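Number of protein chains: 2
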Amino acid sequence: MEPGRPGGSGPAEPGPLPRGVCGAGPAASASSLSGAEAQIQRCALAVAAVLPAGGRGERMGVPTPKQFCPILERPLISYTLQALERLCWINDIVVAVTGENMDAMKGIIQRYQHKRISLVEAGVTRHRSIFNGLKALAEGQPDAQLSKPEVVIIHDAVRPFVEEDILLKVVTAAKEHGCSDYDLEFGTECLQLALKYCHIKAKLVEGSPDLWKVTYKQDLYAAESIIKERISEQICIVMDTEEDEAHVGHHFEEMLKNELNHVKVTSGSLCHPGRDLQQIILEQCYNFVCVNVKTSEFEETQKLLDVLKESNISILYPVVVISVHFLDHKSVPIGQEMENLMQIREFAKEVKKRNILLCGLLIYYPQEKQKLQDSLRQGAIIIANLIKERNSGLVGQLLVA
Amino acid sequence: MEPGRPGGSGPAEPGPLPRGVCGAGPAASASSLSGAEAQIQRCALAVAAVLPAGGRGERMGVPTPKQFCPILERPLISYTLQALERLCWINDIVVAVTGENMDAMKGIIQRYQHKRISLVEAGVTRHRSIFNGLKALAEGQPDAQLSKPEVVIIHDAVRPFVEEDILLKVVTAAKEHGCSDYDLEFGTECLQLALKYCHIKAKLVEGSPDLWKVTYKQDLYAAESIIKERISEQICIVMDTEEDEAHVGHHFEEMLKNELNHVKVTSGSLCHPGRDLQQIILEQCYNFVCVNVKTSEFEETQKLLDVLKESNISILYPVVVISVHFLDHKSVPIGQEMENLMQIREFAKEVKKRNILLCGLLIYYPQEKQKLQDSLRQGAIIIANLIKERNSGLVGQLLVA
Chain A
6 MEPGRPGGSG PAEPGPLPRG VCGAGPAASA SSLSGAEAQI QRCALAVAAV LPAGGRGERM
66 GVPTPKQFCP ILERPLISYT LQALERLCWI NDIVVAVTGE NMDAMKGIIQ RYQHKRISLV
126 EAGVTRHRSI FNGLKALAEG QPDAQLSKPE VVIIHDAVRP FVEEDILLKV VTAAKEHGCS
186 DYDLEFGTEC LQLALKYCHI KAKLVEGSPD LWKVTYKQDL YAAESIIKER ISEQICIVMD
246 TEEDEAHVGH HFEEMLKNEL NHVKVTSGSL CHPGRDLQQI ILEQCYNFVC VNVKTSEFEE
306 TQKLLDVLKE SNISILYPVV VISVHFLDHK SVPIGQEMEN LMQIREFAKE VKKRNILLCG
366 LLIYYPQEKQ KLQDSLRQGA IIIANLIKER NSGLVGQLLV A
Chain B
6 MEPGRPGGSG PAEPGPLPRG VCGAGPAASA SSLSGAEAQI QRCALAVAAV LPAGGRGERM
66 GVPTPKQFCP ILERPLISYT LQALERLCWI NDIVVAVTGE NMDAMKGIIQ RYQHKRISLV
126 EAGVTRHRSI FNGLKALAEG QPDAQLSKPE VVIIHDAVRP FVEEDILLKV VTAAKEHGCS
186 DYDLEFGTEC LQLALKYCHI KAKLVEGSPD LWKVTYKQDL YAAESIIKER ISEQICIVMD
246 TEEDEAHVGH HFEEMLKNEL NHVKVTSGSL CHPGRDLQQI ILEQCYNFVC VNVKTSEFEE
306 TQKLLDVLKE SNISILYPVV VISVHFLDHK SVPIGQEMEN LMQIREFAKE VKKRNILLCG
366 LLIYYPQEKQ KLQDSLRQGA IIIANLIKER NSGLVGQLLV A
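In order, the protein sequence lines correspond to chains A and B. According to our numbering, the stretch in the first sequence is residues 6 to 406, in order. According to our numbering, the stretch in the second sequence is residues 6 to 406, in order.
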C-alpha cells in the first residue's frame, strides 16, 4: 500500500479557476443544493469514495488499460475524478492502482490538478482493491490526512458520467440502511457479496443510463462524443465594439443566436462594462468567437487569448477560439486580406501548446442583403462545426464564409 | 401485412457499383469463401432473414425510433440491410415495420438501392413482428417473389455490425440442429421461448463484441465513430503526372504513405495505364487525394469528380475529395494563388449535393529541404483529419499547409 497525496505537490491553486467551484460545470450537470446534500452538510456526515482502478482492460482490444485511455488527449480516469472532486461533500477520494501504473497516476493527478486524492496499491482482484482502499480510510493514514468516513462510495474508475443526485441517493440510503459499503452497479456481484457475507443490510439504488461503464472500444468513442457535446453547449461572443450597433458584427451575433439555437450564446466583454468574461470562464465556457470589427488585425483576439491563457481553463478541455473578420470588397481584394490574416498560423501554433485551438474565419460582406445573410449563415455553420468537432488538426486555418 | 419490393421500382442497377459485389467492402469486413459458405452454396440451402424493426425507441431519449436515427445522414437500419444484402447466400430479407413507418422504409430502400428486401407490417411485440415475417416467408408470397427458406436468420435492425462468419455459424448450426428460427442475442428471451414452447432443439451461438446493439443515445455516437473509422481505412492518390518523378507531388505521396501508416494508401490513375481508378472504386475506397502538379487549375480534380459522380459510390457514404495544389513562391504571391483557388467553393457546392465532400489544400513549397518536409507533413496531417472527421461543414474550404 502506498498512500500519498501527489496532488499536493502540484502547482498552487490558480485564482479564477472554475475548479474551485463545487457541483458546477457542463461535464457534471449542475444540480442545486438539494435536500439530501443539505442534510449531508448539516449532519457533517463524513463521506469518502474508493475507486478500484487496477483493471488491465483486456476487453478493450488495446494495450492501454481502459481507465488510462485518452479522451480528447486526457485519460478517462481523470474525467471520473473530476466528476467526484467537484462534490465538496466528498472528503477523500482513494484510488487503487497497480504498482506499475502508480507513477502514471501521480502524473495525471498533478497535470490535471486533481484535489483530495490519495493512492493505494490495487489488489489482484477488484474486491481486494476495494479492501485496500477501505483499509487506508479505516486506518486514517496520518501522513495522507485521511479522515475516517461514515459512508464510503465505491465507484468504478471507468464510469465518468456519474451525476450528483445518484451519489446523494446512495449516501442517503447508506446512512438509512446502516451499511458502509455501497456499489452503484445494477445487480452487482458486490451487492451479493455484501448480502451473503457481511450480515449487513444492503439496498440497490436505481442508477441512470448516464452511469454506463466504458468497457469496449466503442464505449470510448461514445464517451468522447458525449464529452464533446457537453463542452459545446455554450459559446461566448467577444466583440471589440459596442458603439456601432448597426455594424455587421451585430447582425452576425444575431445570426449565431438564431442558427445555434441548441447552444447557449452569451456575450462577453474585454474592456467595456457588461457581462464579464471572467465570470463566463468561471461558468466553464469552452468556446469563444472573437469578432474583430474595428480593425482587420488580431488585437481583440490576442487580448482574449491572454485572458484564456491566464485562466487555466484549458487544462481540462481543449478550448476553441474562432477569430472572425469581415471582408469589405470596397477596401481590399480577398487575396490580400487572406494574406494579411495568414499570420493567424503563428498565434495558433503558440496557443496550441496551451490546449487552445485557434482558427480564423473571414466572412464576405457583400452589399446585397440576401447575399450578406447567406454569408453570415455560412459563417455560423462553420463555427458550429468547428466547435462540435474540436479538430486539433485544423488549428491555424483561415476559413472563408 | 404488406409484402412488396419497393426496391424493384427504384433506379436501374448502376454499372460499376460496388454494391453488386457480395461479401466485400470496408463496412463489412471481407471474409473469403469459407467452408461454411461453400457448403451453403453447394447444398443450395435456402436462407432468408427476418428483421423485426417495429420498435419505438423509448430508451433513446429522442423522438425518432432508433432504427431510423441517422448516422452520417443515413438511417441506422440501412447499414444493417447493407450488412445482410452483401451476402449472396441470403435469398430474401424481410423487414417488419409499423404501418406509420412503411412509407419511410420504402423511401430508404429506394434511396439507398437495397435489394432483395420485402416489407411486412410489424406486430405489437417483437415476437409478433418476427411471426409476421416468418408467415410471409412460409406462404411464399408470389407477388413478392419470396421463396420458402430452410433456415431463417432473425436479426435485430439495430445491430449494424454483424459479420459474415457469425451468420455462417448460425446457419450451419441451424442446419445441424434442425431448428428453423435462430436468434443472435446472447441468452435471449427468443431462445428461451423456442426451448419452452416449440419442442425444437435450439443452440446458442457465441457472438462477437462487434454484434452489439444500438440501444442508447451514446450507442449512436459509437456507431458513427466506428463507421467513420471503417470508411477511412483506404486513401487513393490521383496525380496528373507520372513523368516527372522528381516533382514535389511524388515527395508528398511518399510523405502521405509514411504519415498515414495505419491507412492503406493506393495510387490511382485517370489517364495512364496503371492501377485503374474504377477498380479502386469497386473496392469501396471513400477517400481521394487529387494532386494537381502540372497546372494550378482544377482540371484533374474535375475529371476525378466526374468519375466519382458516375460511379454512384457516394450513395452509401460521404466521399471525401481533397484537391491538392502547390505554391511555388517564385511564381505567384500566396494571396493571388488563394484567390485563384477560391473557385473550389463552387465545385464543392455542386458535388455536395451528390454526397461528395470537396476541400482544397494549398501546400507551401519552400526551397529549404527541412521546411518543405514540414509543409508536406502538415499537409498529410490535415488530410488525415479531414478524412477522419468527414465534416460536411468544411466543404469548399481552402486549407493551407
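Positions of the beta carbon are idealized from the N, C-alpha and C atoms, including for glycine. If you're wondering where the values come from, they're calculated on a predicted model, not measured in any experiment.
Alpha carbon of residue i to alpha carbon of residue j, nearest angstrom
i: K111 (chain A); j: H252 (chain A); result: 51 angstroms
i: L404 (chain A); j: C241 (chain A); result: 19 angstroms
i: F191 (chain B); j: I320 (chain B); result: Because the pLDDT at F191 (chain B) is just 39, under 50, the model does not fix this residue reliably, and the value given afterwards should be weighed accordingly. Taking the straight line joining both Cα atoms gives about 33 angstroms.
i: Q348 (chain A); j: V356 (chain A); result: 13 angstroms
i: K393 (chain A); j: S237 (chain A); result: 6 angstroms
i: F293 (chain A); j: I361 (chain B); result: 30 angstroms
i: L172 (chain B); j: I158 (chain B); result: 8 angstroms
i: G398 (chain B); j: H330 (chain B); result: 21 angstroms
i: I387 (chain A); j: C364 (chain A); result: 11 angstroms
i: S213 (chain B); j: T85 (chain B); result: 16 angstroms
i: P57 (chain B); j: L139 (chain B); result: 11 angstroms
i: V325 (chain B); j: Q402 (chain A); result: 19 angstroms
i: V52 (chain B); j: V156 (chain B); result: 5 angstroms
i: H160 (chain A); j: C290 (chain A); result: 28 angstroms
i: V129 (chain B); j: G104 (chain B); result: 11 angstroms
i: V337 (chain B); j: T300 (chain B); result: 13 angstroms
i: K222 (chain A); j: H334 (chain B); result: 46 angstroms
i: V400 (chain A); j: R133 (chain B); result: 53 angstroms
i: A179 (chain A); j: L50 (chain A); result: 11 angstroms
i: R79 (chain B); j: K314 (chain B); result: 18 angstroms
i: K434 (chain A); j: N317 (chain A); result: Absent from the structure is residue 434 (chain A), since the part of chain A shown begins at 6 and ends at 406.
i: Y117 (chain A); j: Y322 (chain A); result: 10 angstroms
i: Y369 (chain B); j: G254 (chain B); result: 12 angstroms
i: Q372 (chain B); j: C295 (chain A); result: 36 angstroms
i: E234 (chain A); j: V312 (chain A); result: 24 angstroms
Top-ranked residue by Cα proximity to residue i, from the options
i: L81 (chain B); options: B:K218, B:D379, B:K335; result: B:K218
i: L282 (chain B); options: B:R133, B:L310, B:Q44; result: B:L310
i: Q150 (chain B); options: B:S397, B:G59, B:K120, B:I45; result: B:K120
i: N390 (chain A); options: B:A389, B:L391, B:N396, B:I386; result: B:N396
i: E302 (chain A); options: A:S213, A:L367, A:E315; result: A:L367
i: D245 (chain B); options: B:M107, B:R131, B:G273; result: B:G273
i: I327 (chain B); options: B:L261, B:E90, B:E211; result: B:L261
i: V298 (chain B); options: B:V312, B:N317, B:V243, B:E288; result: B:V243
i: E2 (chain A); options: A:T306, A:E181, A:V175; result: A query on residue 2 (chain A) cannot be resolved here, the shown segment of chain A reaching from 6 to 406 and no further.
i: T306 (chain B); options: B:L346, B:Q284, B:Y322; result: B:L346
i: R61 (chain B); options: B:E259, B:T69, B:V55; result: B:T69
i: A54 (chain A); options: A:E259, A:V312, A:I135; result: A:I135
i: K308 (chain A); options: A:E259, A:G145, A:L275; result: A:L275
Integer-rounded CB distance, given that residue j should sit under 8 angstroms from residue i
i: S123 (chain A); j: A143 (chain A); result: The Cβ separation is near 13 angstroms, so there is no contact.
i: V92 (chain A); j: F166 (chain A); result: First, the residue type needs correcting, since residue 92 (chain A) is Leu and not Val in the sequence shown. Wrong, their Cβ atoms sit about 14 angstroms apart, outside the cutoff.
i: V102 (chain B); j: G59 (chain B); result: 6 angstroms
i: G384 (chain B); j: A406 (chain B); result: 4 angstroms
i: H256 (chain A); j: L381 (chain A); result: 6 angstroms
i: Q72 (chain A); j: A127 (chain A); result: At roughly 11 angstroms, the Cβ-Cβ gap does not stay under 8 angstroms, so Q72 (chain A) and A127 (chain A) are not in contact.
i: L77 (chain A); j: I232 (chain A); result: 6 angstroms
i: I113 (chain A); j: S83 (chain A); result: 5 angstroms
i: S431 (chain B); j: D108 (chain B); result: Because chain B spans 6 through 406 in this model, residue 431 (chain B) falls outside it and cannot be assessed.
i: V125 (chain B); j: N137 (chain B); result: 5 angstroms
i: T177 (chain A); j: A41 (chain A); result: 5 angstroms
Closer than 7 angstroms: residue i CB and nearest the ligand NAP heavy atom
i: V326 (chain B); result: As presented, the structure is devoid of all ligands, the ligand NAP included, so that no description of it is given.
Checklist entry - Does the count of Cβ pairs from the stretch 370–379 of chain A and the stretch 341–354 of chain A closer than 8 angstroms reach three? => result no
- Task: Take every Cβ of the stretch 219–239 of chain A, pair it with every Cβ of the stretch 221–236 of chain B, and state whether three or more of those distances are shorter than 8 angstroms.
- Result: yes
Inside the stretch 299–369 of chain A only - alpha helix (DSSP H) runs reaching at least 4 residues = 304–316, 339–346, 349–357
| Enumerated in chain order, which unbroken segments of the alpha helix (DSSP H) with a length of 4 residues or greater are wholly contained in the stretch 64–105 of chain B? | 81–90
- Task: Please go through the stretch 227–279 of chain A and give each complete beta strand (DSSP E) segment of 3 or more residues, from N-terminal end onward.
- Result: 239–244, 269–273
- Query: Is it true that the stretch 263–274 of chain B meets the stretch 255–275 of chain A, where meeting means three or more beta-carbon pairs spaced less than 8 angstroms apart?
  - Reply: no
Q) Can you list the alpha helix (DSSP H) stretches of 4 or more residues lying completely in the stretch 100–137 of chain A, in chain order? A) 107–116
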